[in-house]
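A.B. asks: The structure that follows is given in the form of structure tokens.
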Amino acid sequence: MNFQELYYRNPYLTTFEAEVCTCTPGPDSNTFYITLTQTLFYPEGGGQPSDHGVLTILSDCSGSTCDERLCDSCPDRITPGETITVLDVQDSERGVLHVLSKPLNPGTRVQGEIDWSFRFPLMQNHTGEHIISGLANRKYGYENVGFHMSDVITLDLSGPLTWEQAMEIEQEANEIVYADLPVEILYPDDSELESIDYRSKKELEGAVRIVHINDADDCACCGLHVRRTGEIGLIKLLSLMNHRGGVRITMLSGRQALRYYEQICDAATAVGQLLSVKPHETQEAVQHLLQESLNKDRKIADINQRYFQAKADSITEKKDLILCFEEQMNQVELRKFCDLLVKSAKGSVCAVLTETDPDTWQYCIGSTEVDLRAKVRVLNEQLDGRGGGKPVMVQGTFRASAAAIEAALKQTLHLS
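Residue numbers (the numbering used here): 649 to 1064.
Pasting the structure below:
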């Protein structure tokens, strides 16, 4: 009996019946490789993931061809009516392998059902990718040199594009969607193939399967696609980045593109409510908010600088150790204050610390007279600390009390 690739004959079918041909153990004790007389389960290939779905047992076999792992005495013996999840589907020299968690006797009749909610978005996305890649090839001569389908679709083109050029391709692609053109699957003979200018990432031998979309693409492909471009619904490019001399595009089509837009709209609406503006006005409102925040940051930085200078001016004589425990400072502010104290030349060693949690302190220690890089290792060991830096300045975290930190600094740095 010749094997039937039902996923090519009609990718819109969701159920089928078949008979188990072979069952072999997988690489571990938890998986088994099943081949069937025919299948709707698309095996991973052409950048498209394998189908999801289940096999339901219709009838068991006599067991005459089973080995000891598949016989009637096996504790994992399958009974009619039981449903088994198809974990993966792979193409191999032995045929299309359905990966299951339990063995099935050769001769067992099964009904397969694919997960249409998983397959159809892949068909939409794959066909959408064909249109984008085909238009990029026709407009700029670029090849699709990489393609991957997951949460988003990524495709790598062999030449550069600007975002404006990508948006032009997107607009043309959606015009092809709106035109509801047929997506044709062709199996040309050798003479016919010579007359077709088709895309392919590798040299092909034997029968070549061509996906043809008028005014958009001719491409050798083993994946599954929608019947007409109108079924794609929507094509949206999400991002564009330089990649290996060309560009990498992320995109979505169909239901996944619609869900993406729903998420974007929900987020824009929520931000608009927080800012008391309409969703389409959020960009301007956020820019205004960021500018206000920047202005406040500048005022705070100016106030801090005056505070740092006033505190440095209050030190009237040089000390071996200037130690300042401050409230709610970040690392930048710690460094600026410490640097100002060091430059004031009023301390051999200047240490500024701020408490982030009980008995947890961020520190910045500076000196032009003591090699701090060597000393900080000892301090970190004594004070359960982490950090380091240069001989003139070190930064990090101590986990100890303020009193313990002061004592350790004086002892380790030999300061009074």
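Backbone N, C-alpha and C fix where the C-beta goes; we use that ideal spot for every residue, glycine too.
Keep in mind the model is a prediction, meaning the values are calculated, not measured.
Take D676 as the anchor and find which of L748, L923, M977 has the nearest alpha-carbon.
C.D. replies: L748
A.B. asks: Is the distance from the Cβ of K750 to the Cβ of F680 below 8 Å?
C.D. replies: Remark: C-beta atoms of K750 and F680 approach each other more closely than 8 Å.
A.B. asks: What is the residue span of the beta strand (DSSP E) that A855 lies within?
C.D. replies: Element bounds for A855: n/a, residue is neither H nor E.
A.B. asks: In angstroms, rounded to a whole number, what distance separates the CA positions of S806 and S887?
C.D. replies: 16 Å
A.B. asks: Taking only three categories from DSSP, how would you classify H928?
C.D. replies: Secondary structure at H928: helix, using DSSP grouped into helix, strand and coil.
A.B. asks: Name the residue from D763, G794, S765 whose alpha carbon lies nearest to the alpha carbon of H778.
C.D. replies: G794
A.B. asks: Is there at least one non-hydrogen atom of the ligand NAD closer than 7 Å to the beta-carbon of A821?
C.D. replies: With respect to the ligand NAD, the structure offers nothing, as it holds no ligand at all.
A.B. asks: Name the DSSP bridge partner or partners of I897?
C.D. replies: L803, L888
A.B. asks: Is it the case that the Cβ atoms of L982 and T1004 are separated by a distance below 8 Å?
C.D. replies: no
A.B. asks: Ordered along the chain, which non-local residues of its own chain (more than five positions away) have a Cβ less than 6 Å from that of E716?
C.D. replies: Summary for E716: the model assigns pLDDT 46, below 50, so the residue's position carries little reliability, and this model does not support an answer.
A.B. asks: Below 6 Å CB to CB, which residues in the same chain sit around V1008 once its five sequence neighbours on both sides are set aside?
C.D. replies: In the sequence as displayed, the identity of residue 1008 is Thr instead of Val. Closer than 6 Å at Cβ, skipping near neighbours: R1047.
A.B. asks: Please state if the CB of S901 and the CB of N773 are separated by a distance shorter than 8 Å.
C.D. replies: By the CB criterion at 8 Å, N773 and S901 fall inside the cutoff.
A.B. asks: Taking the straight line between their C-alpha atoms, what separation do you get for D804 and I1013?
C.D. replies: Annotation: D804 to I1013 spans about 49 Å, alpha carbon to alpha carbon.
A.B. asks: In angstroms with no decimal places, state the Cα-to-Cα distance between A864 and I824.
C.D. replies: 8 Å
A.B. asks: Can you tell me the Cα-Cα spacing of L937 and K926, whole angstroms?
C.D. replies: 15 Å
A.B. asks: Between G760 and P769, what straight-line distance do the alpha-carbon atoms span, to the nearest angstrom?
C.D. replies: Between G760 and P769, the C-alpha separation is close to 20 Å.
A.B. asks: Which class does K944 belong to by DSSP, given the choice of helix, strand or coil?
C.D. replies: helix
A.B. asks: What is the DSSP secondary structure of P769, counted as helix, strand or coil?
C.D. replies: helix
A.B. asks: Is I897 closer than 8 Å to A814 when the C-beta atoms are compared?
C.D. replies: With respect to I897, A814 sits close: the two C-beta atoms are nearer than 8 Å.
A.B. asks: Measure the C-alpha to C-alpha separation of Q1010 and Q939 and round it to an integer number of angstroms.
C.D. replies: Straight-line Cα distance between these residues: approximately 29 Å.
A.B. asks: List, from N- to C-terminal side, the alpha helix (DSSP H) runs of 4 residues or more that fit wholly inside the segment 820 to 876.
C.D. replies: 838 to 842
A.B. asks: Buried or exposed: where does M889 fall if 16 or more other Cβ atoms within 10 Å of its Cβ makes it buried?
C.D. replies: Label assigned to M889: exposed.
A.B. asks: Is the segment 1051 to 1061 close to the segment 982 to 995, with three or more CB pairs under 8 Å?
C.D. replies: no
A.B. asks: If G995 and L969 are in contact, beta carbons under 8 Å, what's the gap, nearest whole angstrom?
C.D. replies: 6 Å
A.B. asks: Cβ of V1018 within 8 Å of Cβ of V997?
C.D. replies: yes
A.B. asks: Helix, strand or coil for D1007 per DSSP?
C.D. replies: For D1007, the three-state secondary structure derived from DSSP is coil.
A.B. asks: What does DSSP give as the partner residues of R1034 in its beta bridges?
C.D. replies: For R1034, the beta-bridge partners assigned by DSSP are T1045.
A.B. asks: Rounding to the nearest angstrom, what Cα-Cα distance links D950 and N978 in this structure?
C.D. replies: Their Cα atoms are separated by approximately 15 Å.
A.B. asks: Counting only the same chain and skipping the five closest in sequence on each side, list residues whose C-beta sits under 7 Å from that of A827.
C.D. replies: T877
A.B. asks: For A918, count neighbouring Cβ atoms within 10 angstroms of its own Cβ and tell me buried if that reaches 16, exposed if not.
C.D. replies: exposed
A.B. asks: Just the C-alpha distance for T731 and L752, rounded to the nearest angstrom, thanks.
C.D. replies: 12 Å
A.B. asks: Quick check on the burial criterion: 16 or more other C-beta atoms within 10 angstroms. Buried or exposed for D945?
C.D. replies: exposed
A.B. asks: Going by beta carbon distance, what residues of the same chain come within less than 8 Å of R903, once the five residues before and after it are set aside?
C.D. replies: Excluding its 5 nearest sequence neighbours in each direction, R903 has C-beta neighbours in its own chain below 8 Å: F768, P769, Q772, G881, listed in chain order.
A.B. asks: My understanding is that M899 touches I801, with C-beta atoms under 8 Å, so please give their C-beta distance in whole angstroms.
C.D. replies: 5 Å
A.B. asks: Give the single residue among G854, R847, E840, L783 whose Cα lies nearest to the Cα of Q819.
C.D. replies: L783
A.B. asks: Can you tell me whether S781 is helix, strand or coil according to DSSP?
C.D. replies: If DSSP states are grouped into helix, strand and coil, S781 belongs with the helices.
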